[in-house]
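Visitor: The structure's right below; bear with me while I get my questions together.
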Amino acid sequence: MTVGILALVALVPIALALILMVGMRWPATKAMPVAWLSCAIGAIAVWNLPAAYVAALTLQGFVTATGILIIVFGAIIILYTLKYSGGMETIQYGFQGITRDPRIQVLIIGYMFAAFIEGAAGFGTPAALAAPLLLSLGFPPLAAVVMCLVFNSFPVTFGAVGTPVIIGFKYLTGLVETAVATGAPGVNFSSMEMFDKLVSQWATLMHLPMIYILPIFMLGFMTRYFGKNRCWSEGFGAWKFCLFSSTAFSVPYLLTAWLVGPEFPSLIGGLVGLGIIIVGAKNGFCMPSTSWSFGPMSEWDAEWTGSVSAENGGEFKAHMSQFRAWTPYVLIGLILVVTRIPELGLKGMLAGVSIPFTNILGFESVNASIKYLYLPGTIPFALVAILTIFIHRIPGDKAALAWKEAIAKMKSPTIALFFAVSIVSIFKGSGIVDAALNPNNYLSMPLALAETVSGLAGQTWPMFASFVGGLGSFITGSNTVSDLLFAEFQWGVASTLNLPHQIIVAAQGVGGAMGNMICIHNIVAGCAVVGLSGMEGAILRRTVWPFLLYGLVVGVVACLMSFVFLPHLF
């Protein structure tokens, strides 16, 4: 069977999920089981995978999904704990002293705060934390999750202290060493470490135009689709503060990537940028001349709201000091940093504790585990939620109510994520090198899709390389896993077409980052924490446009690097 036909079969579950959620407006709880069924049928009927093996991969997906759900639950319990302690209203009150303008608030929280959290933890944590914060400030739930998903793009290449680069490209080590040893054309690196640093440097330059374009575009998008006047220009009115914010983030972001490496660009960029723009906003620097708001809740579209909408009467009361109210988030940030930097020792200790699931249904290649102490949902989210009961002096009945409501919110995301992640497991497991399990030795489903696209693109591949990375994140829910899936493929295409390897691999890493805004896992998780379960299609219909814009801009930059700038440099 040709690779093209395999690609068409592999496309079916993706297309089906999109048609059902975006076109027919099905909730993910219904769409994802149907998409999973089509994926399982394709794996058994076309790839000739044993039904028992497909069942094992599905159970593997359930285990992996459980880890994601722990993160979602942790984010929800933080939200409800702060709600019942009065801490959230105190934070709202404090923001009134900085700015009441949602355009500036979303840059502070959805852009900078989320970038810092992405740099420290990654794996869907930023949107899960930032979206509820925006919700508490009076954002419509739909607007909160859309903005957080889209802004959680350019930090992702260097998320979780560089994991997408350091771990995501680890399978390239042998290829890099061979290229260095043979003196392959265009090789200007001498080791895998140097290659990772070069990829990081070029990736920052690919992200750079969108670091400036995206905030302005998204503020216009927000006022156009969530504003009373449905007007792009009201968002564009904050363009000066957007440029100020982008510069505050991008300078430390670029300097860290170019001088240090892939571990800390997003973490440092987000932390430094956050401090700078808060001071700027307080002092009126580059602030828009007029303020803007979403208008009264009574006039919001029904589609914008969910089951945990903030009760925003416009005025808030401080129930405690700002320091005590923010203490849970300070603790979360500190714990994430100290548990994610290997040199501090806690990362290895926490990651080494897990519940293993080996040889699922008797298949040696199908394994999974839940690293329950390393998952952010446990440490720090749930841990900090418990500590907050004492820090904020929450009565026992209110604390119990917070946990009860958080647990009740988990039903819909559980169903959606179990089947969504199971599709990922089948996709990855379909290419196993085992005559008994993959008798035709077919490529995996994602590789069949990627190889077909690259064959059609030819020398224009730099224009499309990032979209393959985005496809990987859409399917798997992770930039790191997207890089693991497609890095070798991207290297092979670069070799075949005589394109600079570091540029094409960098485009893969950038694509995996921009894919976070359309990734089903993140959308389901984001919907869960703001009470929008069942509205996944509405989110995807909005995030796909900035995704396409991002890919177009990155493609142009990658082409310029591949055919104009880089050949003259080396």
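Counting from 2, one number per residue, gives the positions in the sequence shown under this note's numbering.
Ideal placement from N, C-alpha and C gives every residue a C-beta, glycine not left out.
(1) What separation, rounded to the nearest whole angstrom, lies between the Cα atoms of V482 and A400?
(2) Which two residues bound the contiguous alpha helix (DSSP H) that contains P165?
(3) When burial is assigned at 16 or more other CB atoms within 10 Å of the CB, is K429 buried or exposed?
(4) In terms of alpha-carbon separation, which member of A437, I433, P165 lies closest to M446?
(5) For my contact list, I217 and A249 are in at a C-beta cut-off of 8 Å; report their separation, rounded to the angstrom.
(6) Determine the contact status of G1 and A319, defining contact as a CB-CB distance below 9 Å.
(7) Taking buried to mean at least 16 other C-beta atoms within 10 Å of its own C-beta, is L457 buried or exposed?
(8) Roughly how many angstroms separate the alpha carbons of E489 and K171, rounded to a whole number?
(9) Could you pull out every residue in the same chain whose Cβ sits closer than 6 Å to the Cβ of W301, ignoring the five residues on either side in sequence?
(10) Mind checking which residues open and close the beta strand (DSSP E) that includes F490?
(11) According to DSSP, is S370 helix, strand or coil?
(12) For P357 and I371, I'd like the C-alpha separation in whole angstroms.
(13) Expressed to the nearest angstrom, what Euclidean distance is found between the alpha-carbon atoms of N313 and L150?
(14) Keeping to the same chain, check which residues put their C-beta closer than 6 Å to that of L83; ignore five residues upstream and five downstream.
(15) Using the three-state DSSP reduction, which class does F358 fall into: helix, strand or coil?
(16) Going by Cα to Cα distance, which pick from G556, S534, V555, L553 is closest to K31?
(17) Grab me the residues of E406's own chain with a C-beta within less than 6 Å of its C-beta, minus the 5 sequence neighbours each way, in chain order.
(18) Is the Cβ-Cβ distance between I105 and A282 less than 9 Å?
(19) Can you tell me whether I146 is buried or exposed, with buried defined as 16 or more other CB within 10 angstroms of its CB?
(20) Helix, strand or coil, according to DSSP, for N442 in the structure here?
(21) Locate the alpha helix (DSSP H) running through Q460, then write down its first and last residues.
(22) So, are the CB atoms of L275 and A116 less than 9 Å apart?
(23) Report the residue ranges of all alpha helix (DSSP H) runs contained in full by the region 26-89; include only those spanning at least 4 residues, in chain order.
(24) Of the choices E194, S192, S292, whose alpha-carbon is the least far from that of A239?
(25) Could you give the distance in angstroms between the alpha-carbon of R101 and the alpha-carbon of M298?
(26) Would DSSP call F382 helix, strand or coil?
(27) Just checking my contact of Q491 with V469 at CB under 8 Å: how many whole Å lie between their CB atoms?
(28) Distance, Cα to Cα, A204 vs G120?
(29) Once you ignore the five residues that flank C40 on each side, which residues in its own chain have a CB closer than 6 Å to its CB?
(30) What three-state label does DSSP hand G314 in the structure shown?
(31) Return the Cβ separation of A466 and A508 in integer angstroms, given the expectation that the two are a contact with Cβ distance under 8 Å.
(32) When you compare only the Cα positions, how much space is there between G1 and L541?
(33) Near A66, which residues of its chain fall below 7 Å by C-beta distance, leaving aside the five closest residues on each side in sequence?
(34) By the DSSP assignment, the alpha helix (DSSP H) with M148 in it spans what residues?
(35) Take A8 and list the residues in its own chain whose beta-carbon comes closer than 7 Å to its own, dropping the five residues that flank it on each side.
(36) In or out: T415 buried (at least 16 other Cβ within 10 Å) or exposed?
Guide: Quick look at the numbers:
(1) Whole-angstrom Cα-Cα distance: 37 Å.
(2) 160-167
(3) buried
(4) I433
(5) In fact, because the Cβ distance is near 15 Å, the residues do not count as touching under 8 Å.
(6) Because the chain is modelled from 2 through 571, residue 1 falls outside the range shown and cannot be assessed.
(7) exposed
(8) 10 Å
(9) P141
(10) Taken as a continuous stretch (DSSP letters only), F490 belongs to no beta strand (DSSP E), being part of the alpha helix (DSSP H) at 480-498.
(11) strand
(12) C-alpha separation (whole angstroms): 7 Å.
(13) Unreliable positioning characterises N313 in this predicted model, as indicated by a pLDDT of 46, which lies under 50. A coordinate reading is not provided.
(14) M89
(15) strand
(16) S534
(17) Y81
(18) yes
(19) Checking the sequence shown, residue 146 turns out to be Val, not Ile. When all chains shown are included, V146 counts as buried.
(20) coil
(21) Run containing Q460: none; DSSP gives neither H nor E here.
(22) yes
(23) 29-46, 52-86
(24) Comparing Cα-Cα distances from A239 to each of E194, S192, S292, the minimum goes to S292.
(25) If you draw a straight line from the Cα of R101 to the Cα of M298, it is about 16 Å long.
(26) helix
(27) 7 Å
(28) 15 Å
(29) Cβ within range, chain order: P14, I424, I427.
(30) With a pLDDT of only 43 at G314, under 50, the local geometry of the prediction cannot be trusted, and no value is derived from it.
(31) 4 Å
(32) No answer is possible for residue 1: the residues shown for the chain start at 2 and end at 571.
(33) Sequence-distant Cβ neighbours of A66 in its own chain, meaning closer than 7 Å and more than five residues away, are L418, F419, V422.
(34) 142-152
(35) The residues are A449, L450, T453.
(36) Around the beta carbon of T415, 16 or more other beta carbons lie within 10 angstroms, which makes this residue buried.
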